[in-house]
Each structure stands twice: as C-alpha cells, then as structure tokens.
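Trainee: Numbering of the sequence shown is given in my numbering, commencing with residue 905 and proceeding in unit increments.
We treat Cβ as the ideally placed atom computed from N, Cα and C, and that holds for glycine.
Please read these numbers as outputs of a predicted model, since none were measured by experiment.
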Amino acid sequence: MPQNDATAATRIMVVDDEPAVLKMLTTFLESCGYRVTACVSPMEAFEFLSQEHDTIDLVITDIRMPEMDGIRLLTGIRHLSLNLPVLLMTGYADFEQVVEGLRNHAFDILLKPIDLPQLQWSITKALGYLKHQRLERQYQLQLEERVIGLNRLVQEQFEELQRIRTLTGTP
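Okay, here's the thing in structure tokens:
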C-alpha cells in the first residue's frame, strides 16, 4: 500500500496480550505506512496514554486481556480524551462486552480473526472522523478568537463614543 504524508504522520497504538496477533497487526500497519506503538499489556498502554495521549491518533485494542480488559482501557481512554478513536477487537461473541464498548464510544468493533481489508476500512473511517474533529475544534478556536477581537473593537468604539459625548457635552 503506498505511503502518503498523512499516513506517515499517523500514530496507531495496538494493544493485545497475544504476541502473534500483536506482531501481525504491527507488521500490517507498518507496511501501510503507519507509525505503530505496540503494547502487550493494557496497563502499559494506559500508562503511556496517560502521559502522551495527544501523540496517538488511534487505538486498536483486544477486549479480553488479563489484568485489565479492553473495556476498562477504553473507559480510561475516554477520561483522557473524548475524541481519540478506539477500535475494539474480540475473538468471542460476548454481546454484553460489545454493547459496553459501544456505550463507552468505541469507534468500531472488529471480530477476530481480523479481516485486514475490514481493518483498513475501519482505520480510514476512524482517522477521517479524527480529522473532522480536529478541523471542527480549529474552526471553533478561530471563531472564538474572531469574537474576542470583535468584542474588543466594539468596546473600543463604545469608549471612543463615550469620550466624544463627554467632549461635546452630549448625553
């Protein structure tokens, strides 16, 4: 798959306690041009994200793992960042966990064994969402700056009008 600048700048975290799955996903994602941070432990992943969640663009995590399941990891991620897309993977048809993942705003649910074209489609969709969120936030900040500037201008004009009224004796 050809690499472009946007793909090369994209950093994906993969979390899975199965080393073979972790290696396969890492190899695939790197071959697509993504920068990958691989974690075999959800605790390690959460510690990393606690410090550097703004450096990760997407998290792909297994649901069933020892010490902390993917749902608890997702819940922790939501406390750090509401907009960071998280794809959940499961090899089990555990409906309750899938529903819990969706309640915690998982971006997508992927069934194991992972279908690589489906994974790429989900990644593309999630990164498009993230780009939209970032553009929306940037636009909101620009609007806020514009409103502040206009308010300042109105305040200055009001003060000038008051000064002129004082000089001319107009009430």
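Measuring CB to CB, does N987 end up less than 8 Å from L1045?
Mentor: No, the pair does not count as a contact, with Cβ atoms beyond the cut-off.
Trainee: Identify the continuous beta strand (DSSP E) that holds A924 and give its terminal residues.
Mentor: Element bounds for A924: not the beta strand (DSSP E) but the alpha helix (DSSP H), 923-935.
Trainee: According to the neighbour-count rule (16 or more other Cβ atoms, all chains shown, within 10 Å of its Cβ), is M905 buried or exposed?
Mentor: Summary for M905: the model assigns pLDDT 47, below 50, so the residue's position carries little reliability, and this model does not support an answer.
Trainee: Report whether the distance from the Cβ of I1068 to the nearest heavy atom of the ligand FAD is below 7 Å.
Mentor: Of the ligands one can find in the structure shown there are none, so the ligand FAD has no counterpart to examine.
Trainee: Nearest-angstrom Cα distance between L1036 and Q1059?
Mentor: Note that residue 1036 is His in the sequence shown, not Leu. Distance between the alpha carbons of H1036 and Q1059 is about 34 Å.
Trainee: Classify T1007 as helix, strand or coil using the three-state DSSP reduction.
Mentor: The sequence given here places Arg at residue 1007; Thr does not occur at that position. Three-state result, R1007: helix.
Trainee: Judging by CA-CA distance, which residue of N1008, R982, L933 is the nearest neighbour of I1028?
Mentor: According to the sequence provided, residue 1028 is Thr. The question's Ile does not apply to it. Selected option, being the one with the closest Cα: L933.
Trainee: Should L962 be labelled buried (16 or more other beta-carbon atoms within 10 Å of its own) or exposed?
Mentor: buried
Trainee: Among the residues of its own chain, which have a CB less than 6 Å from the CB of D966, if the five just before and after it don't count?
Mentor: D920, G974, M993
Trainee: What did DSSP end up calling M972 once you bin it into helix, strand or coil?
Mentor: coil
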